Amino acid sequence: MNAQKKYVEFYFSACFEEMMAGEQSTWPTNLSGNEIIELAQSLEIRLNVDEIITNYRDRANQAIDIYHSKKDEMLFMYFDLRRSRTDQNDMFFFGLRCYHEDRTRIMRNLISIYEQINTSGPFHYQMRPWVLYNRTRGYLNQTDAEYTSPGILIHHKEDAY
Numbered sequence: 122m123n124a125q126k127k128y129v130e131f132y133f134s135a136c137f138e139e140m141m142a143g144e145q146s147t148w149p150t151n152l153s154g155n156e157i158i159e160l161a162q163s164l165e166i167r168l169n170v171d172e173i174i175t176n177y178r179d180r181a182n183q184a185i186d187i188y189h190s191k192k193d194e195m196l197f198m199y200f201d202l203r204r205s206r207t208d209q210n211d212m213f214f215f216g217l218r219c220y221h222e223d224r225t226r227i228m229r230n231l232i233s234i235y236e237q238i239n240t241s242g243p244f245h246y247q248m249r250p251w252v253l254y255n256r257t258r259g260y261l262n263q264t265d266a267e268y269t270s271p272g273i274l275i276h277h278k279e280d281a282y
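Residue numbers (the working numbering): 122 to 282.
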């Protein structure tokens with residue numbers, strides 16, 4: 122962890138198939154599926170997209186996958202792959218935490234993705250970045266009427282900090 126750095130967070134809900142699956146999508150989409158991969162690579166985050174897609178499509182899955190950057194574990198992408206009891210639009214919760222100094226570039230890329238998704242929730246930008254961070258620690262993943270489980274937090278980290 123780099124105590125000297127400032128962080129920001131972005132998060133929103135979106136149709137998983139539109140945003141992540143690209144050519145494999147069961148929904149019409151304008152995205153290739155590579156946009157998130159390219160964004161992850163720019164943050165030195167190694168995603169296993171095939172595993173994310175497989176886990177999301179497994180209706181019994183209750184995982185929340187957090188992929189950390191190899192340069193700083195406080196940089197991460199957050200994929201809440203749990204299915205809501207009433208979900209009919211293949212929604213999932215996505216978030217990203219990055220350095221404050223990278224916020225303009227990251228926001229530009231995320232908004233480009235977000236604007237191409239037909240089914241989504243509000244786009245959030247946090248300059249005081251503790252919403253996602255607290256979720257990665259299990260503080261905001263309580264079970265509620267929407268989900269059958271608080272979710273299993275799975276941290277994917279590389280040895281490079």
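For each residue, glycine too, the CB sits at the ideal point set by N, CA and C. It should be emphasised that the depicted structure is a prediction, and the values quoted were computed from it without experimental measurement.
Asked	Found
Compare the beta carbon distance of L202 and F137 with 9 Å and say whether it is the shorter of the two.	yes
Relative to the alpha-carbon of F131, which residue among R226, S153, I174, N210 has its alpha-carbon at the smallest distance?	R226
Who are the near neighbours of R224 in its chain, counting only those whose CB is closer than 7 Å to its CB and skipping five residues on each side?	V129
With burial defined as no fewer than 16 other Cβ atoms inside 10 Å of the residue's Cβ, what is the status of T175: buried or exposed?	exposed
Which residues does DSSP list as the beta-bridge partners of E130?	R218, Q247
Please return the same chain residues whose Cβ sits closer than 7 Å to the Cβ of L164, not counting the five positions on each side in sequence.	S190, L196, C219
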